[in-house]
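A.B. asks:
Number of protein chains: 4
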Amino acid sequence: MLDGLRAEVLEANLELVRRGLVVATFGNASAVSRQDGLCVIKPSGVPYDRMTAADMVITDLDGKIVKGSLKPSSDLATHVALYRAFPSIGGVVHTHSRHATAWAQSRREIPCFGTTHADYFHGPIPLTEPLAHGEIESEYEANTGVAIIRRMRGLDPMDCPACLVAGHAPFCWGKSVTDAAHMAVIVEEIAAMAWMTVTINPAIRPIAEVLRDKHHFRKHGPKAYYGQS
Amino acid sequence: MLDGLRAEVLEANLELVRRGLVVATFGNASAVSRQDGLCVIKPSGVPYDRMTAADMVITDLDGKIVKGSLKPSSDLATHVALYRAFPSIGGVVHTHSRHATAWAQSRREIPCFGTTHADYFHGPIPLTEPLAHGEIESEYEANTGVAIIRRMRGLDPMDCPACLVAGHAPFCWGKSVTDAAHMAVIVEEIAAMAWMTVTINPAIRPIAEVLRDKHHFRKHGPKAYYGQS
Amino acid sequence: MLDGLRAEVLEANLELVRRGLVVATFGNASAVSRQDGLCVIKPSGVPYDRMTAADMVITDLDGKIVKGSLKPSSDLATHVALYRAFPSIGGVVHTHSRHATAWAQSRREIPCFGTTHADYFHGPIPLTEPLAHGEIESEYEANTGVAIIRRMRGLDPMDCPACLVAGHAPFCWGKSVTDAAHMAVIVEEIAAMAWMTVTINPAIRPIAEVLRDKHHFRKHGPKAYYGQS
Amino acid sequence: MLDGLRAEVLEANLELVRRGLVVATFGNASAVSRQDGLCVIKPSGVPYDRMTAADMVITDLDGKIVKGSLKPSSDLATHVALYRAFPSIGGVVHTHSRHATAWAQSRREIPCFGTTHADYFHGPIPLTEPLAHGEIESEYEANTGVAIIRRMRGLDPMDCPACLVAGHAPFCWGKSVTDAAHMAVIVEEIAAMAWMTVTINPAIRPIAEVLRDKHHFRKHGPKAYYGQS
Chain W
1 MLDGLRAEVL EANLELVRRG LVVATFGNAS AVSRQDGLCV IKPSGVPYDR
51 MTAADMVITD LDGKIVKGSL KPSSDLATHV ALYRAFPSIG GVVHTHSRHA
101 TAWAQSRREI PCFGTTHADY FHGPIPLTEP LAHGEIESEY EANTGVAIIR
151 RMRGLDPMDC PACLVAGHAP FCWGKSVTDA AHMAVIVEEI AAMAWMTVTI
201 NPAIRPIAEV LRDKHHFRKH GPKAYYGQS
Chain D
230 MLDGLRAEVL EANLELVRRG LVVATFGNAS AVSRQDGLCV IKPSGVPYDR
280 MTAADMVITD LDGKIVKGSL KPSSDLATHV ALYRAFPSIG GVVHTHSRHA
330 TAWAQSRREI PCFGTTHADY FHGPIPLTEP LAHGEIESEY EANTGVAIIR
380 RMRGLDPMDC PACLVAGHAP FCWGKSVTDA AHMAVIVEEI AAMAWMTVTI
430 NPAIRPIAEV LRDKHHFRKH GPKAYYGQS
Chain S
459 MLDGLRAEVL EANLELVRRG LVVATFGNAS AVSRQDGLCV IKPSGVPYDR
509 MTAADMVITD LDGKIVKGSL KPSSDLATHV ALYRAFPSIG GVVHTHSRHA
559 TAWAQSRREI PCFGTTHADY FHGPIPLTEP LAHGEIESEY EANTGVAIIR
609 RMRGLDPMDC PACLVAGHAP FCWGKSVTDA AHMAVIVEEI AAMAWMTVTI
659 NPAIRPIAEV LRDKHHFRKH GPKAYYGQS
Chain E
688 MLDGLRAEVL EANLELVRRG LVVATFGNAS AVSRQDGLCV IKPSGVPYDR
738 MTAADMVITD LDGKIVKGSL KPSSDLATHV ALYRAFPSIG GVVHTHSRHA
788 TAWAQSRREI PCFGTTHADY FHGPIPLTEP LAHGEIESEY EANTGVAIIR
838 RMRGLDPMDC PACLVAGHAP FCWGKSVTDA AHMAVIVEEI AAMAWMTVTI
888 NPAIRPIAEV LRDKHHFRKH GPKAYYGQS
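Each protein sequence line maps, in turn, to chains W, D, S and E.
Going by the working numbering, 204 is the number at position 204 of the first sequence; the sequence numbering is gapless.
Going by the working numbering, 289 is the number at position 60 of the second sequence; the sequence numbering is gapless.
Going by the working numbering, 551 is the number at position 93 of the third sequence; the sequence numbering is gapless.
Going by the working numbering, 694 is the number at position 7 of the fourth sequence; the sequence numbering is gapless.
(1) Evaluate the contact criterion for the segment 619-632 of chain S versus the segment 553-561 of chain S: three or more CB pairs, one atom per stretch, below 8 angstroms.
(2) When Cβ atoms are compared, which residues of the segment 569-590 of chain S fall closer than 7 angstroms to chain E?
(3) Start and end of the alpha helix (DSSP H) containing Asn-659/S?
(4) Output, in chain order, the set of chain D residues within a Cβ distance shorter than 7 angstroms of Arg-905/E.
(5) Given a cut-off of 8 angstroms on the beta-carbon distance, is the pair His-397/D and Gly-403/D in contact?
(6) Considering just the uninterrupted stretch of the alpha helix (DSSP H) at Ser-335/D, what are its terminal residues?
(7) With 8 angstroms as the threshold, decide whether the Cβ of Ser-488/S is near any Cβ in chain W.
(8) Based on DSSP bridge pairs, tell me the residues matched to Ser-775/E.
(9) Where does the unbroken alpha helix (DSSP H) through Thr-345/D begin, and where does it stop?
(10) Measure the CB-CB distance between Gly-841/E and Ala-764/E and report whether it falls below 8 angstroms.
(11) Using C-beta distances below 7 angstroms, list every residue in its chain close to Trp-653/S, excluding the 5 sequence neighbours before and after it, in chain order.
(12) Is Thr-586/S helix, strand or coil when you go by DSSP?
(13) Does Trp-653/S come within less than 8 angstroms of chain W when only Cβ atoms are used?
(14) For His-94/W, list the residues DSSP reports as bridge partners.
(15) Are the segment 257-270 of chain D and the segment 285-295 of chain D touching, with three or more C-beta to C-beta distances below 8 angstroms?
(16) Quickly, what does DSSP pair Pro-730/E with across the bridge? List them, please.
(17) With H, G and I counted as helix, E and B as strand and the rest as coil, what does DSSP make of Ile-436/D?
(18) Could you tell me how far apart the beta carbons of His-783/E and Phe-713/E are, in whole angstroms, since I believe they sit closer than 8 angstroms?
(19) With 8 angstroms set as the bound, which would you pick, yes or no: does the beta-carbon of Thr-428/D sit closer than that to a beta-carbon of chain W?
(20) Just grab the DSSP bridge partners of Ile-745/E for me.
(21) Mind pulling the chain D residues with CB within less than 7 angstroms of Gly-778/E?
(22) Thinking just about the alpha-carbon of each residue, which of Gly-707/E, Arg-705/E, Lys-758/E and Asn-715/E is nearest to the one in Ala-867/E?
(23) Is there a Cβ from chain A that is less than 8 angstroms from the Cβ of Glu-418/D?
(24) Kindly indicate which three-state DSSP category Ala-391/D falls into: helix, strand or coil?
(25) Is any beta-carbon of chain S found at less than 8 angstroms from that of Gly-714/E?
(26) Determine, for Thr-330/D, whether the minimum Cβ-Cβ distance to residues of chain E falls below 8 angstroms.
(27) Can you name, in chain order, every residue of its own chain whose Cβ lies under 7 angstroms from the Cβ of Tyr-273/D, other than the five neighbours on each side?
(28) What in chain W is Cβ-close to Gly-456/D, meaning under 7 angstroms?
(29) Between the segment 827-840 of chain E and chain S, which residues of the former have CB atoms less than 7 angstroms from a CB of the latter, in chain order?
(30) So what does Ile-568/S bridge to, in DSSP terms?
(31) When Cβ atoms are compared, which residues of the segment 744-772 of chain E fall closer than 9 angstroms to chain S?
(32) State yes or no: is the C-beta of Met-880/E nearer than 7 angstroms to some heavy atom of the ligand HEM?
(33) Can you tell me where the alpha helix (DSSP H) holding Gly-20/W begins and where it ends?
(34) Please determine, among Asp-385/D, Gly-450/D, Phe-446/D and Leu-231/D, the residue with the shortest C-alpha to C-alpha distance to Ser-317/D.
(35) Using a Cβ cut-off of 8 angstroms (strictly closer), state whether His-96/W contacts chain D.
(36) Is the number of C-beta pairs between the segment 792-809 of chain E and the segment 656-668 of chain S that are closer than 8 angstroms three or more?
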């Protein structure tokens with residue numbers, strides 16, 4: 001049942017470890033099968049070096065377990081909230097990668113300081129509002145999804161494939177879980193460069209919109225001309 | 230005699246090296262056997278690549294050598310002081326890891342800036358007061374333990390599994406020496422993120438207590454729901 | 459056709475990956491055959507681990523494809539502009555390496571803070587002016603070359619073998635593509651040191667011109683005495 | 688002739704590369720045979736992966752070549768000046784390691800912010816005065832040695848085993864070239880921690896002298912009690 005997708009989800013989780021984005025068991029990756037209305041996600045708190053594709057938990061889009069003997073990632077409710085809200089995405093990745101987490105902790109969105117950023121994001125990497133007390137006390141993980149969705153209002157998830165959760169860390173997404181894991185790498189890189197940028201020049205402003213648009217639409221949308229074909 | 234524990238202590242010491250937390254011979258790990266009232270600790274200044282389990286020194290909880298031909302770590306007196314003061318801990322690890330040491334040197338506790346931190350600490354990573362002149366000149370290592378114990382007054386060592394010694398470096402602990410070595414990795418990661426956080430936003434404040442509590446008690450205490458039950 | 463040069467260009471591209479200067483498919487290296495009036499450049503958006511020497515695209519110095527079934531790097535027009543303007547160079551490398559990109563994003567040239575810098579650059583690592591709106595909207599990549607050439611006016615490309623493009627990243631060059639790739643490593647190292655330097659001492663000024671000249675001309679020009687003659 | 692020492696000098700040079708302290712051909716290590724009055728030093732600008740023990744150049748303590756077909760390191764005159772001035776040292780290492788070089792570039796000595804530092808240095812890591820114009824223009828490398836020796840006046844080279852050259856980089860030394868290479872590792876580590884320390888707390892002051900002395904003399908001098916006797 002969804003064996004290919006489970007293998008891809010496992011692989012994405014391992015890629016996060018190989019790339020140094022995950023320490024201990026922080027971090028989780030999931031994929032959605034739109035056809036089946038099912039989510040495949042990492043189990044909670046299992047060491048990466050013992051994890052197999054069969055350990056991936058299958059749930060419906062309300063987070064109810066359909067198959068799997070292990071408990072799913074404690075962040076499951078955030079993942080399925082994103083799948084319900086963003087029909088164009090196929091995978092979600094959450095990490096506590098160092099630099100991206102530092103921006104989330106500093107409670108600042110990451111301004112578009114350069115073309116590396118613009119190649120992937122058509123604007124800043126956004127930051128959620130802090131959750132209200134009641135949103136934390138009850139259904140915290142689902143409400144983390146709500147906070148991301150609220151912040152993404154008016155943005156196309158494909159032009160803005162990540163969001164920082166204030167005081168927490170980034171959630172990233174893409175057409176597939178493989179793309180989402182790649183985006184987690186890119187977000188960490190952009191966050192590192194942005195950190196250095198503001199420490200070199202605290203007064204720095206984002207690049208001009210025309211330069212941002214040029215780079216973004218070189219790679220995205222109908223006028224893209226980057227890459228083969 | 231305590232062969233299993235000696236092997237675990239050796240392994241914890243080597244894990245610190247593999248994780249890049251130890252340069253030269255800075256750093257030491259120990260375990261306690263509560264049943265025997267004995268401490269097992271790394272020898273002093275022996276190169277890591279030649280160290281064997283049999284080199285681990287066994288002492289009583291006053292630091293008196295019971296077995297072993299090598300001198301124990303010069304920080305032994307700090308380790309046994311912690312074992313006497315905190316009955317719930319089973320292992321202690323001391324490193325001079327870069328980022329955590331920088332916080333100790335800057336003489337600032339590490340505020341709880343995010344959920345990564347709250348997952349492990351129910352509050353800041355505390356910082357000792359500087360030792361008095363007399364405490365340095367006589368029984369320095371034992372007094373380092375005293376300074377940590379003083380600072381930990383009112384805190385549960387399991388909710389606050391590390392303390393920074395001012396102008397020196399972190400001491401970490403856990404239920405076992407393996408857990409304590411893992412905590413040294415986590416403390417370094419939290420310290421790195423916190424450093425970046427304050428350089429991005431020097432005015433940043435700790436996260437709300439409700440968010441800190443939510444994350445901490447997701448993983449600790451009777452209401453924990455993280456990981457495989 | 460130009461098989462040796464294609465192999466060297468492939469190798470330079472792979473060296474950038476090995477050195478950690480390239481994440482994803484950011485970055486490209488090219489060489490010029492002055493004799494043939496031809497440029498050899500990396501294809502666009504092809505994963506590094508599948509790239510072969512035969513994938514390298516051959517173009518004339520106006521950027522017209524002469525041989526190769528893949529699309530050339532989208533930055534081709536910048537590369538050929540530099541070859542036309544700087545007759546002494548044989549290779550061009552573009553990366554988004556972390557520290558050098560942070561300086562480009564902070565829109566500050568890198569002052570000559572030390573002898574490591576002076577060994578390679580007879581002055582700051584320069585920064586282009588931002589491109590005008592029209593220059594971005596039409597023939598953007600060619601105009602990136604124009605901006606670099608404008609900024610390099612009066613400078614010898616061999617005494618100043620790199621330029622930062624504002625809000626973007628560095629372009630580096632050398633007598634060969636191998637030298638240009640080496641320069642990308644050096645520029646990243648100089649940028650990292652300069653970042654740390656300004657965060658330690660924000661008021662720091664460049665080194666004295668006499669010291670800069672001493673180090674630069676120890677390695678460059680008729681009075682050089684560094685290395686095996 | 689001095690085959691053992693040549694092998695040790697080669698190994699020390701390679702250790703600098705393995706530890707990531709040397710990029711390109713920056714950096715050089717030498718040893719002295721006090722008995723023979725001879726210095727053994729790395730050749731200039733030879734790639735590390737092709738270097739053999741037989742490539743090490745032997746000179747007298749005035750820097751005159753005694754044996755070796757290659758040109759010695761261009762910094763030879765600095766090395767022999769240090770050997771003449773400091774009779775207790777047996778090896779000298781020069782690197783452009785990132786963090787230590789950043790301090791040299793920022794033209795600040797490294798204050799003794801913690802016990803890691805005090806374990807090796809009985810005071811700050813000192814910084815030379817900038818060289819005078821005439822000292823740069825003529826006999827620059829010998830005068831770099833003069834600047835270090837001037838700054839070290841009143842200090843015991845064994846209690847202060849490195850000095851930063853302003854606008855340049857560190858020189859380190861020890862009883863042997865192996866010790867000097869180890870010191871280059873330690874100096875880089877101390878420099879990294881000190882950089883982070885001042886960015887966390889710009890107002891931070893050195894540790895108390897009594898703590899500095901305690902740590903330093905735990906490892907050095909007649910009352911040392913660290914390590915296996």
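Built from N, CA and C at the ideal position, the CB exists for glycine as well.
All values reported here derive from a predicted model rather than from experimental measurement.
C.D. replies: According to the structure shown:
(1) Below 8 angstroms, enough C-beta pairs join the segment 619-632 of chain S and the segment 553-561 of chain S to call them touching: three or more.
(2) Phe-571, Gly-572, Thr-573 and Thr-574
(3) Residue 659/S sits at position 201 when you count from the first residue of the third sequence. Premise fails: Asn-659/S is in no alpha helix (DSSP H) and is neither H nor E.
(4) Within the fourth sequence, the letter at position 218 stands for residue 905/E. Chain D residues near Arg-905/E: Ser-303.
(5) Against the second sequence, residue 397/D aligns to sequence position 168. Against the second sequence, residue 403/D aligns to sequence position 174. No, the pair does not count as a contact, with Cβ atoms beyond the cut-off.
(6) The count along the second sequence starts at 1 and reaches residue 335/D at position 106. Start and end: 327-335.
(7) Position 30 of the third sequence holds residue 488/S. False, the Cβ-Cβ gap to chain W never drops below 8 angstroms.
(8) If you number the fourth sequence from 1, residue 775/E lands on position 88. Partner(s): none; Ser-775/E has no beta bridge.
(9) Position 116 of the second sequence, counted from the start, is the residue given in the question as residue 345/D. It spans 344-347 - the alpha helix (DSSP H) in which Thr-345/D sits, taken as one unbroken run.
(10) Locating residue 841/E in the fourth sequence gives position 154, where the first residue counts as 1. Locating residue 764/E in the fourth sequence gives position 77, where the first residue counts as 1. Result no, Cβ atoms of Gly-841/E and Ala-764/E do not sit closer than 8 angstroms.
(11) For the purposes of this step, residue 653/S is identified with residue 195 of the third sequence, where counting begins at 1. These residues qualify, in order along the chain: His-557 and Ala-560.
(12) If you number the third sequence from 1, residue 586/S lands on position 128. In the structure shown, Thr-586/S sits in coil (DSSP, three-state: anything other than H, G, I, E or B).
(13) Position 195 of the third sequence, counted from the start, is the residue given in the question as residue 653/S. For Trp-653/S, the answer is yes, since a Cβ of chain W falls inside 8 angstroms of its Cβ.
(14) The residue given as residue 94/W occupies position 94 in the first sequence. According to DSSP, His-94/W bridges with Asn-28/W and Phe-171/W.
(15) yes
(16) Counting from 1 along the fourth sequence, the entry for residue 730/E is found at position 43. Paired residues: Pro-759/E.
(17) By 1-based counting over the second sequence, the position of residue 436/D is 207. Three-state DSSP puts Ile-436/D in coil, outside helix and strand.
(18) The residue you call residue 783/E lines up with position 96 of the fourth sequence. The residue you call residue 713/E lines up with position 26 of the fourth sequence. About 4 angstroms separates the beta carbons of His-783/E and Phe-713/E, which is inside the 8 angstroms limit, making them a contact pair.
(19) Along the second sequence, read from residue 1 onward, the residue named residue 428/D stands at position 199. It does; some Cβ of chain W falls within 8 angstroms.
(20) Taking the first residue of the fourth sequence as position 1, residue 745/E is located at position 58. Answer is Val-727/E and Lys-754/E.
(21) By 1-based counting over the fourth sequence, the position of residue 778/E is 91. Taking a Cβ-Cβ threshold of 7 angstroms, none of the residues of chain D is close to Gly-778/E; the smallest such distance is about 17 angstroms.
(22) For this step, residue 867/E is matched to residue 180 along the fourth sequence. Proximity to Ala-867/E across Gly-707/E, Arg-705/E, Lys-758/E and Asn-715/E peaks at Asn-715/E, based on C-alpha coordinates.
(23) This model lacks chain A altogether, as its protein chains are W, D, S and E.
(24) Taking the second sequence and counting its residues from 1, one reaches residue 391/D at position 162. Strand at Ala-391/D.
(25) Residue numbering aside, residue 714/E sits at position 27 when the fourth sequence is read from its first letter. Not closer than 8 angstroms to any Cβ of chain S, the Cβ of Gly-714/E fails to qualify, so no.
(26) Here residue 330/D refers to the residue found at position 101 of the second sequence. Chain E, which has a Cβ nearer than 8 angstroms to the Cβ of Thr-330/D, makes this yes.
(27) As a working note, residue 273/D is residue 44 in the second sequence. Residue identity differs from the one stated: residue 273/D is Ser in this sequence, not Tyr. Excluding five sequence positions before and after Ser-273/D, the CB atoms of its chain that fall closer than 7 angstroms to its own CB belong to Lys-300, Pro-301, Ser-302 and Ser-303, given in chain order.
(28) Position 227 of the second sequence, counted from the first residue, corresponds to residue 456/D. Gly-456/D reaches chain W at Ser-44 and Gly-45, counting residues in chain order whose Cβ is nearer than 7 angstroms.
(29) Tyr-827
(30) Stepping through the third sequence from its first residue, residue 568/S is reached at position 110. Ile-568/S is bridged to Ile-583/S.
(31) Listed in sequence order: Leu-757, Lys-758 and Ser-761.
(32) Absence of the ligand HEM from the depicted structure is noted, as is the absence of any ligand whatsoever, leaving it without description.
(33) Here residue 20/W refers to the residue found at position 20 of the first sequence. Segment: none, Gly-20/W is in no alpha helix (DSSP H) and carries neither H nor E.
(34) Reading the second sequence from its first residue, position 88 is the one you call residue 317/D. Comparing Cα positions, the closest option is Asp-385/D.
(35) Translated into the one-based positions of the first sequence, residue 96/W becomes position 96. It does: the Cβ of His-96/W has a partner Cβ on chain D nearer than 8 angstroms.
(36) The segment 792-809 of chain E vs the segment 656-668 of chain S: in contact.
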